[in-house]
Amino acid sequence: MNNKKNFITAIILQFVTIISGLILPRLILSTFNSEINGLVSSITQFLSFISLAEGGLGAVVLAELYKPIEFKDDKKIKQILTECQNYFSKLTIIFIIYTIVLSIVYPLICKSQFSFSFVSSLVIILSFSTLIKYLFSITYKLYLQASQKIYIVNICSTVITLLNLIVIFIIIKFTPSIHIIKIVADLLFIIQPIIFKKIVEKKYHVKLCLKKSNKKILKDRWSGFAQNLAHYVNMNTDICVVTLLVGIKDVSIYSIYMLPIAALRNLISLISNIYQSVLGKYYAKDDIDILKSNFIKLQNINWVVSLILYGTCFLLIDDFVKIYTIGINDANYYQPLFSGIMILATLLYSILEPQKFLILSVGKFKDIKKIYIVEAILNIVISIVLSIKFGLIGTALGTLIAVIYRFAYFILYLRKNIINIEIKNYVYPLLMTIFVIIINIYFHYNYILNINNFYEFIIYGFLMFIVEAILVIICFRKYILRSLKAKKDA
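The opening position of the sequence shown corresponds to residue 1 in my numbering, with each subsequent residue numbered one higher.
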């Protein structure tokens, strides 16, 4: 029952998040300009550097919680959550220091026309939501996720997102100020941790004992650091590199193109994330056959859905950006090669989500530490080198090459570990994926849709989705049947 609630609320949250994510940047672009939009995106990414200090602890905490929750070991649960909260409380001090330094340094290094005080104050305001997350919210959220009650978080986040959207509409109408907009967003964000704390303590009777700490209970936190590092690099390096080496307007271009791409990535990740606790549960009970059956089902559904969604996105994204930026003439928002490379990189990243969540759910952090470190280095170095000459396209290539490396490593790892999936099982879906990509490229560059408004975009988008779904299902029919057979045998 909880899995059904988790799935439905996750879909609703993602839908609301996508709508909000499309409306707010457009409001900022039309009310202010590309530089403001790029500045907000850039500062947000620089502030997210602090997530590296989290050291992947969230993933470690989840892996440690599955077994005591399954066997109702309340003492162990409290020990894990207490040590988690103590760690994040210390992290808050580091973040405050980092924010102060960034508020001084960032205005000096970014290429913008705004004054030092304007940029510096915006850095401080944007830091509040991250501060609230680490100090008050994350520990309770992790408990709800591990106990398969993430629907509580989803419902709360959905309401806050809608309230934020409504309030920002009102602010822009009466007092258009980017600083006020972000202050209001921070104030609304405070509501979430208050709700999480009350629910966990009152309904599930879990209270933290912050004076009692067992540092050995999360012994794998530093092994989780490599995983967190690679995730951060893949999600955030591009904007940081563009900020320093290309320019704030190009950050705006990057962020607009990433609106639909990131929305799809988050949707797929959110759905896969729901089943992380399910995989962890079966591994904790040593039900490897059921674990393998559930993983194969998740992997196959995820692969087919990812290809359909990103294939549709590839066919429509340039027209989307053209319509979205109508009337915005202070930057060149037509970047088809950049969008194609980023969609391919994100497609491969999303296909890997079940593998990532399987590894996280069983706590195999040490085994894959090397892959994450190498991936991070590849992404940073290649993005920096290529962006100097090729700009946005160079950063996209860096991301793509790093993700290809991770893709190959994960397949090889699962060949001999956890559930032992043979490499030959990936040959057919990979060949079909390449075939579908080639068909999409041929269609995209030989049949121009010429969409001129959002009404036409919705109509063409629906038609393209249907065609893409038919194409992928036909190509993957043997793969889908094999998946059903594997489930039956298990």
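Just so it is clear, CB atoms sit at the ideal spot from N, CA and C, and this is done for glycine as well.
Q | Spatial neighbours of LEU270 in its chain, beta-carbon cut-off 6 Å, leaving aside the 5 residues before and after | A | The answer, listed in chain order, is ALA10 and GLN14.
Q: Pair every Cβ in the segment 159-173 with every Cβ in the segment 88-95, then say whether three or more of these pairs are closer than 8 Å.
A: As far as the Cβ criterion goes, the segment 159-173 does not touch the segment 88-95, which means the pair count is below three.
Q: Could you tell me the boundaries of the alpha helix (DSSP H) in which VAL495 lies?
A: Outside the shown range of the chain (1 to 490) lies residue 495, about which nothing can therefore be said.
(Q) Do ILE168 and LEU24 count as a contact pair if the criterion is CB distance below 9 Å? (A) Closer than 9 Å, so yes.
Q: Helix, strand or coil for ASP238, going by three-state DSSP, please let me know.
A: Assigned with DSSP and collapsed to three states, ASP238 falls in helix.
**Q.** Beta-carbon proximity of THR399 to ALA345, cut-off 9 Å
**A.** Inclusion of THR399 and ALA345 in the CB contact set at 9 Å is warranted, their separation being smaller than that value.
Q.
DSSP three-state label for THR175, please.
A. Coil, per DSSP.
Q: State yes or no: is the C-beta of LEU162 within less than 9 Å of the C-beta of VAL16?
A: The Cβ-Cβ distance between LEU162 and VAL16 falls below 9 Å.
Q: Consult DSSP for ALA490 and reduce its assignment to one of helix, strand or coil.
A: At ALA490 the pLDDT is 41, less than 50, meaning the model places this residue with poor confidence and gives no usable figure here.
Q: Using a threshold of 9 Å, state whether the C-beta atoms of THR312 and GLU468 are closer than that.
A: Yes, the pair counts as a contact, with Cβ atoms nearer than the cut-off.
Q: Assign PHE454 to one of two classes, buried (16 or more other C-beta atoms within 10 Å of its C-beta) or exposed (fewer than that).
A: The residue in question, PHE454, is exposed, as its Cβ has fewer than 16 Cβ neighbours within 10 Å.
Q | Assigned exposure category for GLN113 - 16 Cβ within 10 Å defines buried | A | With fewer than 16 other Cβ atoms within 10 Å, it is exposed.
Q. For VAL251, which of helix, strand or coil comes out of DSSP?
A. Shown here, VAL251 sits in a helix according to DSSP, grouped into three states.
Q | Selection from ILE296, TYR324, TYR442 and PHE457 that minimises the alpha carbon distance to LEU414 | A | Per the Cα distances, ILE296.
Q.
Our contact map puts SER115 next to SER103 with C-beta atoms below 8 Å; I'd like the distance itself, whole angstroms only.
A. With 8 Å as the limit, SER115 and SER103 do not qualify as a contact, their Cβ atoms being about 13 Å apart.
Q) Within 10 angstroms of its Cβ, does LEU481 collect 16 or more other Cβ (buried), or is it exposed? A) LEU481 should be labelled exposed.
Q. Straight-line CA distance for ILE459 to LYS75?
A. Taking the straight line from one Cα to the other gives about 55 Å.
Q) Taking buried to mean at least 16 other C-beta atoms within 10 Å of its own C-beta, is PHE491 buried or exposed? A) Residue 491 is absent from the structure shown; the chain starts at 1 and stops at 490.
Q.
Contact defined as beta carbons within less than 8 Å: I believe GLY38 pairs with LEU259. What is the distance between those atoms, to the nearest angstrom?
A. Actually they are not in contact, since the Cβ atoms of GLY38 and LEU259 sit about 13 Å apart, beyond 8 Å.
Q. Enumerated in chain order, which unbroken segments of the alpha helix (DSSP H) with a length of 4 residues or greater are wholly contained in the segment 382-444?
A. Look at the segment 382-444 and you find these whole runs of alpha helix (DSSP H), each 4 residues long or longer: 392-416.
Q | Proximity of LEU315 and HIS179 at Cβ, strictly below 9 Å | A | Not closer than 9 Å, so no.
Q: Could you tell me the distance, in whole angstroms, from the CA atom of LYS416 to the CA atom of ILE373?
A: One Cα belongs to LYS416, the other to ILE373, and the distance between them is close to 21 Å.
Q | Straight-line gap, ALA490 to ILE301 (C-alpha atoms, nearest Å) | A | Confidence at ALA490 is low in this model, with a pLDDT of 41, below 50, so the placement of that residue is unreliable and no value is reported for it.
Q) LEU348: which of PRO193, ILE155, THR82 and LEU309 sits nearest, CA to CA? A) The residue with the shortest Cα to Cα distance from LEU348 is LEU309.
Q.
On the criterion of 16 or more Cβ atoms from any shown chain inside 10 Å, does ILE474 qualify as buried, or is it exposed?
A. It is exposed - the Cβ of ILE474 has fewer than 16 other Cβ atoms within 10 Å.
**Q.** alpha helix (DSSP H) runs wholly inside the segment 96-162, at least 4 long, in chain order
**A.** Those alpha helix (DSSP H) runs which fall completely within the segment 96-162 and span 4+ residues are 116-132 and 138-146.
Q.
Quick check: SER252 and SER48, are their CB atoms within less than 9 Å of each other?
A. Result no, Cβ atoms of SER252 and SER48 do not sit closer than 9 Å.
(Q) Once DSSP output is grouped into helix, strand and coil, what is the label at LEU449? (A) The three-state reading of DSSP puts LEU449 in coil, since its state is none of H, G, I, E or B.
Q: Decide if the segment 438-452 is in contact with the segment 396-412; the criterion is three or more beta carbon pairs, one per stretch, under 8 Å apart.
A: Of all C-beta pairs linking the segment 438-452 to the segment 396-412, fewer than three are shorter than 8 Å, placing the two stretches out of contact.
Q: May I have a chain-ordered list of the alpha helix (DSSP H) segments no shorter than 4 residues that lie completely inside the segment 39-86?
A: Positions of the alpha helix (DSSP H) runs, each at least 4 residues long and wholly inside the segment 39-86, are given as 57-70 in order along the chain.
Q: State the DSSP-derived secondary structure class of LEU352, mapped to helix, strand or coil.
A: In the structure shown, LEU352 adopts coil according to DSSP, grouped into three states.
Q) Is it true that the CB of LEU142 sits closer than 9 Å to the CB of GLY247? A) Cβ atoms of GLY247 and LEU142: not closer than 9 Å.
**Q.** For SER137 and ARG265, believed in contact at Cβ under 8 Å, the rounded distance
**A.** Rounded to the nearest angstrom, the Cβ distance from ARG265 to SER137 is 22 Å, too far for a contact under 8 Å.
Q. Quick one: is LYS369 buried, meaning 16 or more other Cβ sit within 10 Å of its Cβ, or exposed?
A. Looking at its Cβ environment, which holds 16 or more other Cβ atoms inside 10 Å, LYS369 is buried.
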